[in-house]
Every structure is written in structure tokens, then in C-alpha cells.
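Novice: From first to last, the protein sequence lines are chains A and B.
If you're matching positions, the first sequence starts at 1 in my numbering and goes up one per residue.
If you're matching positions, the second sequence starts at 1001 in my numbering and goes up one per residue.
2 protein chains.
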Amino acid sequence: MLRISKLTDYGTVLLAHLAANRTSVCSAADVASATGIAVPTVSKLLKSLGRTGLVTSTRGANGGYQLARDPREISAADIIDALEGPVSITECSATDGQCEHEGVCSVGGAWQRVNVAIRRALDDVSLHDLLRSNIPAPQFQFAGLPISVENKRK
Amino acid sequence: MLRISKLTDYGTVLLAHLAANRTSVCSAADVASATGIAVPTVSKLLKSLGRTGLVTSTRGANGGYQLARDPREISAADIIDALEGPVSITECSATDGQCEHEGVCSVGGAWQRVNVAIRRALDDVSLHDLLRSNIPAPQFQFAGLPISVENKRK
DNA sequence: GGATAAAGGACTATTTTAGTCCTATTTAGG
DNA sequence: CCTAAATAGGACTAAAATAGTCCTTTATCC
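#1: Indicate whether at least one CB of chain A lies closer than 8 Å to the CB of V1042/B.
#2: So V125/A and V1025/B are in contact, right, with Cβ under 8 Å, and what is the actual spacing, rounded?
#3: So with CB distances below 7 Å, who are the chain A contacts of G1122/B?
#4: For A76/A, which residues in chain B fall below 7 Å Cβ to Cβ?
#5: Give every residue of the same chain whose Cβ lies closer than 7 Å to the Cβ of L1179/B, excluding the five residues on either side of it in the sequence, and list them in chain order.
#6: What residue range does the alpha helix (DSSP H) around T1056/B cover?
#7: Would you identify the three-state DSSP class for S33/A, choosing helix, strand or coil?
#8: Taking contact to mean 3 or more Cβ pairs, one atom from each stretch, closer than 8 Å, check whether the segment 1050 to 1062 of chain B and the segment 1033 to 1040 of chain B are in contact.
#9: Spell out the partners DSSP gives S75/A in its beta bridges.
#10: Taking only beta-carbon atoms, is V1104/B less than 8 Å away from chain A?
#11: Ordered along the chain, which non-local residues of its own chain (more than five positions away) have a Cβ less than 7 Å from that of Y1010/B?
#12: Quick one: residues in its chain with C-beta nearer than 7 Å to the C-beta of G1053/B, no 5 flanking neighbours on either side, listed in chain order?
#13: For the beta strand (DSSP E) containing G64/A, name the first residue and the last one.
#14: Can you tell me whether L14/A is buried or exposed? The criterion is at least 16 other CB atoms within 10 Å of its CB, across all chains shown.
#15: Do the CB positions of I118/A and A1121/B come within less than 8 Å of each other?
#16: Starting from L1015/B and walking both ways along the alpha helix (DSSP H), at which residues does that stretch end?
Structure below.
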């Protein structure tokens, strides 16, 4: 466990697509069909990424999204922060001083240091790095169109 | 976000208590009253920790739990593994090869490396380390008994 | 044999996450 | 200036994970 949410994982896929198409403006629908993730979900994610400044948006006809800056300048921590709020391994370390077990908790500050270590690991990996390990993925297609595999049950 | 569950956090507090009382056998009730965490919850956690070998248990009258090994030999990763299953930042990296987006996912292997970094951070911190940062905690007491503050709402 | 304590597991409630949809606003282009 | 194509924002629902409780069984001490 200790995992990022599915949505954050999707978000990374979306950013990867935008990074691979930096020159063009991509609509949510474009990105959705390219990645196989449902349109409403893509839309929701890109909105969040827009609010936090990882992508820029253009409204109106021919509008869409673009990566806001170089993939080297976007870290894994940025992505997680944007979609899940600030990285922090325990509740305490986020809203510090508010822990209900404060009087009893003998561990408190301990996790903070773990947190710093994790934070550093996440800061050190950029979107560009994430893309480099990209083995060009075979894509499921039918009649030339990528097939959405979302919502399939195991 | 990207946090450990509340139960794992509690688990660490329990282990900290056992570490501080290595010489004696502590019953679940003892630990509960010392930490202010509800008995059934403590019991559930200690059972899990027993199954995964972080604590040893003695059944019957005067039974209870003891830390299985030196606090230096128990890492944060061990604790998380015991209570949440194997650390892994995405679903894919846990049950690899089973991702439903496999054909479309261009990011896959990327998170794995982030995962390794996090894993390393968690392996490097031992229960003993967690205790060192322990500022002796003031405890809420009433008539000499520690007060459980669990289930208080904000 | 009775009391104490863990083992195991079933069960419920709560919270979080995922996913959808509706309405308003912005912009390009005929 | 009207229409179509987009994003913005937020309400809402459904599903899943988490937290927490309780009950029954088994082991051990005295």
C-alpha cells in the first residue's frame, strides 16, 4: 500500500500525453481518446491540473490544454500535490498541532523525517524522467481507433 | 496525501510502547490504556503484528505481547508491510502485469523507480530511530488514569 | 475448573475515492 | 451576431477502502 490514487496515476498519463504533444493544443476529448480514459474523468483531471498551474487552458472553439512548462520542471511531487493535496505520510504532519492523540502519541515527529525522505524522492523525479522509461507501448486498437479499457472489471 | 492509514500510525504507537517495555509482557488491555487507543483496535492491530512476526504473543493468563526483535531491526517499511501489505505506489507495481490500461499506459515503469526510492527511505528508518525523536509526551490524565481521546471529533 | 488473554473472523459504519452530469462562460468562425 | 466547440465549476451518485466493534474458540496459568 502507501499508494497514490488511481486518479493521480491517470493524471500522470494525461501529462505524459501533453508532454508528447507540446506543440499542439489538445482538447479533453483528444486526450481521452488517446489515452483510453473516459472523457468526464479526463476533463475533471485536466481542470484540477489547470487550477494548480501544471497545464494551461484555452477556452472556446479550438481550445484545449497544454503543458505549462518543460517536463523537466514538473516533478512527481508536483503532480501528487496537484491531485491529492500536499504529500504527507501521516495526518499529523499535514495539519500539525491538531492531532487528537497528541498527548499520547510518542511517535509524532518521527514520521516527519520519513516524510522528508519520501518528499525528496518525489521531488527528484521529473515528468521527463517518467517519460524516458517509456517503452513505446503497444496500444489496443480496433479499426484504427484506440479502445477504451476503462471500467473493465477483473 | 500519499499517506499511511490511521491504523498503521496507531500500530507504530503500539510498537513504540512495546519497545519501551521490552522486558515485560504487555496485554492488549495494558497497551490500550497506556496509549489511549480503544482495546478492540489495539487487539486487532497486535494480532496482525503477531501474524507478520513483528511481535510475539503468549496466550492464556498473564499472556500478552512482546516485541519480537531489537527496535533497530524493525524498519518503517516492515511496519507498513505488516499492516497495509507491500509498499507500492501504484496498483500496477504491486500486481504487475495485470493493469487494465497496460496497452495505453505510457508511464508504467516510471513509478516503479519512484517506488524504489520511497522503499529505500522507509527501509532506512528503524523503530529505534522513530523512538529517538520522542520528546517525552505529556499525557492527559484524570485521577491518575490516562484518558482515551479516541473518537473525538474535530 | 475457572479466570485470563490471545486467535480468528464476521460484521457494521464511516470516510474516501472514483466517476458522471448539468449549467454557465468563453471563443472561433461563418 | 449566431452557433458550435470548448473549458470552468460544482453538485451529485456509486463504489470501494478503512476504521472500528463484537463474538466465539483456543490456550495457559493457578
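Built from N, CA and C at the ideal position, the CB exists for glycine as well.
Specialist: Working from what's here:
#1: no
#2: The Cβ separation is near 45 Å, so there is no contact.
#3: Checking the displayed sequence, the identity of residue 1122/B turns out to be Leu instead of Gly. Within 7 Å Cβ-Cβ: V114.
#4: V1114
#5: Residue coverage of chain B in this structure runs from 1001 to 1154, which leaves residue 1179/B outside it and unanswerable.
#6: Taken as a continuous stretch (DSSP letters only), T1056/B belongs to no alpha helix (DSSP H), being part of the beta strand (DSSP E) at V1055 to T1058.
#7: helix
#8: no
#9: S126/A
#10: Residue placement at V1104/B cannot be trusted, given a pLDDT of 47 that sits under 50; the coordinates are not used to answer.
#11: I1037, T1041 and L1045
#12: A1068
#13: G64 to L67
#14: buried
#15: yes
#16: K1006 to A1020
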